[in-house]
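In the working numbering, the protein residues as written are 1033 to 1581.
Even for Gly, the Cβ is constructed at its ideal location relative to N, Cα and C.
Just so you know, these numbers come straight off a predicted model, no measurement behind them.
Shown next, in structure tokens, is the structure this report addresses.
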């Protein structure tokens, strides 16, 4: 359900906006004292204090979580438990107000809130119908979204400790984004006049990416329009934010001015518009103690941004591994909201889990199970780590005493161990390790289609489609083939080529790393050639032969 993230002119204009921002920042930063003054009455629960999101007890709350496409997949609400099992403390839930998609009813929204609370997740509720207003003719207005929230007041009132109201997703496109400011202020005031005390979140224009700096320029006036001071800004970071300087400059401008902000959506895999710098996004969010919510758990039309495939946590993608288990990721940085009991004074760690045992080992996955831990309050979940010498890497999480580890490489030896954790964040001693060697990829579980897209004197463009015909996903693959006529690969996209003589090996890019069962990925390349350009006739994937064709 994602759409175009920037127009063809956006890169040029974004760079121009960076120059303008030098002037804008001068206008923004002197407002810091005003932003910190926070007039009005505090919310009973989550609220803003000194430019930061805090809980009702004044404890800092830094969102670390993901987006979940509930309105399009209403039967996948069980995903909240899976999201929590990966360590998230927040979930942003897609809803619809009825303008573009069927409206989520009051009873459905009440159930979403109840499930968030049952899974100890802070819940950001957003209306998605506003996406791209002014450019997408199907989009609704912020005023319509505000009316929807007012219609839900009976199920939202009293939930201020647990929910944030994100008025409308990406509520303005790239056409006249300056028109975003007045409707945003009006929607905020409409909710406040209706008696809402919740923290309100507002998304930026330019499809959420604010590359023309409209939200940044007008942030102080928008913040001042909220009489409670309980407003937080949300920037969506995709291919517009492809350099460290753009990311750090934007986020630091808000933090320096004590204007609350978080990264409400972001992606990492490269697309045709650029390659977002997710490493800097996550590192800067951690440095500044601001929230981030990755897009998205599952269900994208193009699964490149799925954290897990088919809503199955056992099918975690490379993007999911980055978000949950990578540097500055959710498992490493998330802290549960104290309203759920985190920080309750419980200092006793669970007992160490039993030594895991392995079963159902395939070329790319293995099921692990272990004897459950015990705890004085209760075990909240388990973290599975890969052990390599003195290094540990988290590879999976579970609320039960078993899990399927995916994304493994065929014919490779691994060592795994398990930790238990409780709701207060106490972690057990590590279990003993279990050794697992994955199976070799069986012959016939892949097919490769090779074609020449175009030729010219001395060169050509080729395309390779790799299909997984097996029953489990293949991750971290290596494709091998041999040119017969001295051809060489000079440039490749979708993968990285290495060549010795005529022998070529291809390893995946981040966004082609996982080939789902029954799915395929495509890599393209530019090559040089002589008079003859015979296509390769044999291909192997992870050392096993593939069907040609």
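Contact annotation: residue 1564 and residue 1517 have beta-carbon atoms nearer than 8 Å. In the displayed model, residue 1424 falls within a strand according to three-state DSSP. Beta-bridge analysis with DSSP links residue 1155 to 1123, 1195. Between the alpha carbons of residue 1528 and residue 1337 lies a gap of roughly 20 Å.
When beta bridges are read from the DSSP output, residue 1399 appears opposite 1391, 1436. For residue 1444, same chain residues with a beta-carbon under 6 Å away, outside a window of 5 residues either side, are 1470 in chain order. Going by DSSP, residue 1099 is part of the beta strand (DSSP E) stretching over 1096 to 1100. Nearest neighbour of residue 1360 by Cα position, chosen from 1373, 1406, 1095, 1252, turns out to be 1095.
Taking a cut-off of 8 Å on C-beta distances, the segment 1550 to 1565 touches the segment 1505 to 1521, as three or more cross pairs fall below it.
Spanning the alpha carbons of residue 1086 and residue 1092 requires a straight line of approximately 4 Å. Under DSSP, residue 1531 shares a beta bridge with 1536.
The C-alpha of residue 1292 lies about 35 Å from the C-alpha of residue 1409.
Beta-bridge annotation (DSSP): residue 1525 is paired with 1556.
Within the segment 1329 to 1367, not a single complete beta strand (DSSP E) segment reaches 3 residues in length. Secondary structure at residue 1430: strand, using DSSP grouped into helix, strand and coil.
Within its own chain, the residues whose Cβ lies closer than 7 Å to the Cβ of residue 1201, once the five positions on either side in sequence are excluded, are 1158, 1159, 1160, 1162, 1163, 1235, listed in chain order. In the structure shown, the three-state DSSP call for residue 1266 is strand.
Excluding its 5 nearest sequence neighbours in each direction, residue 1488 has no C-beta neighbour in its own chain below 8 Å. Residue 1447 carries a strand assignment under DSSP once its states are collapsed to helix, strand and coil. Here residue 1087 carries a coil assignment [DSSP, helix/strand/coil]. Distances from the alpha-carbon of residue 1283 to those of 1081, 1148, 1264 put 1264 closest. In the displayed model, residue 1310 falls within a helix according to three-state DSSP.
If you check the CB distance, residue 1308 and residue 1300 come in under 8 Å.
Taken atom to atom, the span from the alpha-carbon of residue 1497 to that of residue 1326 is near 29 Å. In this structure, the beta-carbon distance from residue 1121 to residue 1328 does not fall below 8 Å. Remark: C-beta atoms of residue 1371 and residue 1194 approach each other more closely than 8 Å. For residue 1432, the number of other beta carbons within 10 angstroms of its own is below 16, and it is reported as exposed. Residue 1279 is not bridged by DSSP to any residue. Under DSSP, residue 1419 takes part in a beta bridge, and its partners are 1424.
Straight across, the Cα-Cα distance linking residue 1166 with residue 1484 is about 42 Å.
In the three-state reduction of the DSSP assignment, residue 1223 falls in the helix class, which pools H, G and I.
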